[in-house]
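Peer 1:
In UniProt numbering, the protein residues as written are 1 to 259.
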């Protein structure tokens with residue numbers, strides 16, 4: 001299949017598994033001029049910012065989950081993770097160094113300069129921090145993002161996990177949306193649902209969302225390249241979700257069977 005080269009495309013990405021999968025899916029059908037990859041946000045900064053919203057007790061519970069439980073879940077999920085990766089046929093190959101441009105933050109002056117020099121028509125956002133007004137207002141391009149949750153009901157993180165906790169399977173899925181200054185608040189372009197197996201858990205749910213997200217992301221990019229990009233209505237409910245605390249995870253695993 002011949003690649004669609006009608007628009008110039010750049011990615012803004014984090015050093016994440018989902019960014020590599022998205023790049024490898026897109027490059028089959030589209031030319032990606034460059035991938036601007038930001039360094040990870042320091043965990044101390046993330047926790048400090050989150051504590052302002054949630055309080056240190058909840059943040060402490062999240063840290064305990066990440067330090068005490070998550071490594072154990074990952075260890076015992078290794079076979080299931082490999083099985084899901086094979087089933088979904090996702091490509092985890094690293095993004096080639098030849099297209100990578102690194103930056104400390106997607107919101108830095110360096111990033112702004114790179115984008116203004118590259119002059120993309122479309123910027124695909126994946127796995128990085130919230131894009132600032134400075135970037136959005138000073139780059140003449142359309143920004144779209146793949147969010148692992150059905151918006152606006154499952155904004156934030158771990159949308160599939162929280163949908164299952166809420167017994168809300170019809171809203172267990174992924175969204176491709178326009179990027180604005182909010183947290184996953186941009187207008188919806190495409191949404192799709194996923195259905196993990198009973199053998200899946202917290203560490204494998206996102207793989208289903210990433211794989212399905214690549215499918216609808218490619219549809220959105222194709223629409224953009226053909227000047228037919230449209231938006232649709234999202235859910236009526238609007239919530240933002242965070243990491244579970246250690247006590248939340250244990251409670252929902254024991255009493256609701258959500259792993």
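A virtual CB, placed ideally from N, CA and C, is assigned to each residue, including glycine.
#1: Give the C-beta separation of residue 152 and residue 33 to the nearest angstrom, bearing in mind that I take them to be a contact with Cβ-Cβ under 8 Å.
#2: What is the rounded straight-line gap between the Cα of residue 51 and the Cα of residue 44?
#3: In this structure, does DSSP put residue 66 in helix, strand or coil?
#4: Note down the Cα distance separating residue 200 from residue 212, rounded to an integer number of angstroms.
#5: For residue 74, which residues in the same chain have their Cβ closer than 7 Å to its Cβ, ignoring the five residues on either side in sequence?
#6: Of all the options 192, 182, 160 and 177, which has the alpha carbon lying nearest to the alpha carbon of residue 206?
#7: For residue 79, does the count of other Cβ atoms within 10 angstroms reach 16, so buried, or fall short, so exposed?
#8: What did DSSP end up calling residue 90 once you bin it into helix, strand or coil?
#9: Considering only C-alpha positions, which residue in the set 18, 61 and 144 is nearest to residue 85?
#10: Can the beta-carbon of residue 118 be found less than 9 Å from the beta-carbon of residue 8?
#11: Output the boundary residues of the alpha helix (DSSP H) element that contains residue 228.
#12: Thinking C-alpha only, which one of 122, 216, 129 and 169 is nearest residue 42?
#13: Identify every residue that forms a DSSP beta bridge with residue 37.
#14: Can you give the Cα-Cα distance for residue 220 and residue 189, rounded to whole angstroms?
#15: Using 8 Å for Cβ pairs, my map puts residue 155 next to residue 239. What's the rounded Cβ distance?
#16: Let's test the definition: count the other Cβ atoms within 10 Å of the Cβ of residue 163 and tell me whether it reaches 16, buried, or not, exposed.
#17: Should residue 30 go down as buried or exposed, given a rule of 16 or more other Cβ atoms within 10 Å for buried?
#18: Within 10 Å of its beta-carbon, does residue 61 have 16 or more other beta-carbons around it, so buried, or fewer, so exposed?
#19: What would DSSP say about residue 213, mapped onto helix, strand or coil?
#20: Could you tell me which of 23, 241, 236 and 198 sits nearest to residue 256, measuring between CA atoms?
#21: Among 138, 71, 176 and 141, whose alpha-carbon lies nearest the alpha-carbon of residue 149?
#22: List the whole-angstrom C-beta distance separating residue 178 from residue 22, where the pair is believed to meet the contact cut-off of C-beta under 8 Å.
#23: With distances taken from CA atoms, which of 70, 28, 107 and 63 is nearest residue 39?
#24: Does the beta-carbon of residue 182 have 16 or more other beta-carbons within 10 angstroms, so that it is buried, or is it exposed?
Peer 2: So, from the data block:
#1: Actually they are not in contact, since the Cβ atoms of residue 152 and residue 33 sit about 31 Å apart, beyond 8 Å.
#2: 11 Å
#3: helix
#4: 16 Å
#5: 203
#6: It is 160 whose Cα lies nearest to the Cα of residue 206.
#7: exposed
#8: Under the three-state reduction of DSSP output, residue 90 falls in the coil class, being neither helix nor strand.
#9: For the set 18, 61 and 144, the Cα lying nearest the Cα of residue 85 is the one of 18.
#10: yes
#11: Element bounds for residue 228: n/a, residue is neither H nor E.
#12: 129
#13: DSSP lists 13 and 102 as partners of residue 37.
#14: 7 Å
#15: 7 Å
#16: buried
#17: Burial call: buried.
#18: buried
#19: helix
#20: 198
#21: 176
#22: Not really, about 17 Å apart at Cβ, beyond 8 Å.
#23: 107
#24: exposed
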